[in-house]
Amino acid sequence: MKFTTSAVIASTLAIVSASPIATADNSTNTDPFAATKPSGNDVFRLMSLRTGTPIQFGNVQAVKGGLSINAPKQNSSCTEPDANYASFSLTEEGDLYLYTPNPPLRAYVDRSGMGQGVLQFTMGVQGIGKNQERGPFKIDDESNLVFAAANGVVGFQACPGAEEDGYSVWLSGVDTPAGIEGCIPFTMKALKEETPVKCIYNNM
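Numbering-wise, the sequence shown is residues -18 to -1, 1 to 186 according to mature numbering (1 follows the signal peptide of the UniProt record, and there is no 0).
See the structure below:
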């Protein structure tokens, strides 16, 4: 079975329309993503949301050491052969990992003038530089993944020019990171995977 983003959205909306969720004050929660919000040790995937752009409902993928959106293929070997998206886990401390066998692939960001918001992964026990940060990442009350910096919450942007017309994912804050123009701020929606897909990611 092929797991596409449109299928996830369609099934989520169907769940909500068929079974409204009652809140503590007996009102109805109409958030179409409420039923898919990750918690605890849940494995989740990420979907880009920005209405009216090429990245609306985009797959977030692990490609060449970082994250991409809408790349034709993420070059991975997965338990679900047709999966063209990355799966993630988040620790209580806010460390973001790709859901993969050992060695672990762990996220970091660089918000310095040199890094300009780059988001990449290290493998195994590999360390990071003095200007780089592991996190904390968090999933907020609306099921959005954000970078919870000490000086405020930071979102994400997708920048064109990645391999084969994909978009590379950066932290927001610099309008033209690495000189790339046309970046699109977007919401990174976290969706719980009922059947987690574990992948071996190549070229990370």
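Here a beta-carbon is modelled for each residue, glycine too, at the ideal position from N, C-alpha and C.
query	result
Sequence-distant residues of the same chain with beta carbon closer than 7 Å to Pro85, five excluded per side	Met105, Gly106
Closest by C-alpha distance to Gly95, when choosing among Asn184, Gly161, Pro167	Gly161
Alpha-carbon spacing of Asn8 relative to Tyr81, whole angstroms	Confidence in Asn8 is poor, its pLDDT being 45 and thus under 50, which makes the residue's placement too unreliable to answer from.
Lys120 beta carbon less than 8 Å from that of Ala132	no
Length of the line joining the Cα atoms of residue 187 and Thr177	The structure shown has nothing for residue 187, since the chain only spans -18 to 186.
Through-space distance from Cys181 to Ala111, alpha-carbon basis	The question names Ala, but residue 111 in the sequence shown is Gly. Spanning the two alpha carbons is a distance of roughly 27 Å.
Asp92, buried or exposed, once every other Cβ within 10 Å from all chains shown has been counted against 16	buried
For Gly99 and Val135, believed in contact at Cβ under 8 Å, the rounded distance	Their Cβ separation, rounded to whole angstroms, is 14 Å, which puts Val135 and Gly99 out of contact at 8 Å.
Paired residues, beta bridge with Gln102 - DSSP	Gly48, Tyr90
Distance CB(Pro20)-CB(Gly76) smaller than 8 Å	no
Three or more C-beta pairs below 8 Å linking the segment 52 to 60 and the segment 163 to 172	no
Counted within 10 angstroms of its Cβ, other Cβ atoms place Pro159 as buried (16 or more) or exposed	buried
8 Å Cβ cutoff met for Ala140 and Ile51	yes
Collapsed DSSP secondary structure at Pro159 in the structure displayed	helix
Cβ-based neighbour list, Ala144, same chain, cut-off 7 Å, excluding 5 preceding and 5 following	Ser50, Ala53, Ser150
Beta-carbon proximity list for Tyr79, same chain, < 8 Å, skipping 5 on both sides	Phe70, Ser71, Leu72, Thr73, Pro86, Leu87, Arg88, Ala89
Burial state of Glu124, where buried means 16 or more other Cβ atoms lie within 10 Å	exposed
Endpoints, the beta strand (DSSP E) within which Gly134 is located	134 to 136
Span separating the alpha-carbon of Lys46 from that of Phe103	9 Å
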